[in-house]
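Everything below concerns the one structure shown next.
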Ligand code: ATP
Ligand code: MG
């Protein structure tokens with residue numbers, strides 16, 4: 002029997018509610034497949050840890066995660082701690098420390114979800130957005146000078162390396178190739194940003210030559226937002242820079258019906274380090290502790306985690322159960338217009354998983 006070591010990091014706010022729900026679903030799955038089981042270790046890092054220790058996670062935190070097969074992450078964010086501390090002190094520290102350079106965000110309208118675009122049929126919107134996750138606009142390069150003076154300046158340098166661009170584009174082409182439509186859209190802003198974005202376009206052409214069976218096109222990020230709304234069916238796999246894809250994937254999640262259901266994976270494609278899976282929503286302090294959080298984003302992230310481990314049968318069984326649950330209005334949480342609780346949705350998923358055996 003295979004034993005997978007899973008680190009759970011609930012983090013802050015509703016992360017503390019949805020991550021135990023995700024663990025319960027993984028345990029239920031393992032009980033019905035006798036070919037694998039999980040060993041969990043939970044890490045209480047985040048806002049509370051910061052208040053006690055002055056840092057979001059211990060200095061040797063990455064060492065405690067290094068031997069895990071995957072990480073299930075909740076959310077980092079606390080209204081009483083500046084955002085750049087919660088973000089850079091935990092999530093980005095792990096993403097960068099483990100060189101999880103591809104952030105993967107599947108987007109679909111699940112059955113039973115009332116999506117905002119009236120003309121968009123479910124089959125029209127089936128995307129995977131790949132976000133460059135290690136450099137670019139979020140490289141942290143830059144600074145401030147002459148603070149408080151009229152000549153004060155501040156810069157954020159969007160630094161892109163050929164190696165960094167090449168590897169994420171190659172990952173995106175490979176992902177596009179693995180999907181039925183074999184189609185990739187490369188998003189840049191190379192008409193206005195004349196250096197790094199032009200290099201993206203150039204490298205995209207070079208990498209494309211390695212994937213003659215993938216149909217690809219280029220789109221400017223501004224035009225891309227309109228295309229996502231007006232012609233969703235013209236898109237399949239999408240790759241963009243750190244900042245551009247951050248924005249596009251929030252738009253994508255909204256078009257699919259709710260922030261509460263969207264998943265993401267921070268992947269190290271070379272598997273040198275553990276990859277990290279998380280719902281895309283944040284800590285949502287407004288509903289924290291009330292049992293109202295939608296756990297579906299976490300469950301879908303668990304599907305991605307299982308796929309990453311190569312447990313495809315378990316992944317597809319869980320995905321089918323998630324779709325059964327979203328198709329049932331009585332199991333919709335508040336963000337979907339219903340009144341179901343986190344526990345009710347979690348129990349329904351676990352019951353269906355047991356029935357399916
Ligand atoms: P952060 O600062 O960590 O991003 P946030 O307070 O901005 O947290 P988000 O998670 O970004 O919260 O979500 C915005 C709003 O959407 C929340 O305030 C909450 O009302 C709602 N929401 C987000 N996720 C969920 C969920 N899983 N279930 C129900 N509602 C949610
Ligand atoms: Mg937020």
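Residue numbers (my numbering): 2 to 358. Glycine included, C-beta positions come from ideal geometry on N, C-alpha and C. These numbers were taken from a predicted model, which means no experiment stands behind them.
Three-state secondary structure (DSSP) of residue i
i           : result
residue 5   : strand
residue 340 : coil
residue 228 : helix
residue 214 : coil
residue 151 : coil
residue 172 : helix
residue 82  : coil
residue 264 : strand
residue 194 : coil
residue 327 : helix
residue 101 : coil
residue 31  : helix
residue 207 : helix
residue 221 : strand
residue 186 : strand
residue 146 : strand
residue 239 : strand
residue 12  : strand
residue 179 : helix
residue 76  : strand
residue 334 : coil
residue 21  : helix
Residue i Cβ short of 7 Å to the ligand ATP heavy atom set
i           : result
residue 286 : yes
residue 135 : no
residue 76  : yes
residue 186 : no
residue 334 : yes
residue 104 : no
residue 258 : no
residue 295 : yes
residue 282 : yes
residue 15  : yes
residue 290 : no
Residues that residue i bridges to, as DSSP identifies them
i           : result
residue 89  : Note: residue 89 sits in no beta bridge, so no partner.
residue 308 : Partner(s): none; residue 308 has no beta bridge.
residue 41  : 7
residue 160 : 137
residue 107 : 129
residue 276 : 71
Straight-line gap, residue i to residue j (C-alpha atoms, nearest Å)
i           : j           : result
residue 212 : residue 242 : 21 Å
residue 43  : residue 175 : 33 Å
residue 268 : residue 279 : 11 Å
residue 26  : residue 206 : 42 Å
residue 375 : residue 166 : What the structure shows of the chain is the stretch from 2 to 358, and residue 375 is not part of that stretch, so it cannot be assessed.
residue 272 : residue 151 : 49 Å
residue 18  : residue 199 : 44 Å
residue 313 : residue 218 : 30 Å
residue 122 : residue 136 : 35 Å
residue 153 : residue 143 : 14 Å
residue 55  : residue 177 : 43 Å
residue 130 : residue 248 : 11 Å
residue 296 : residue 23  : 8 Å
residue 336 : residue 210 : 44 Å
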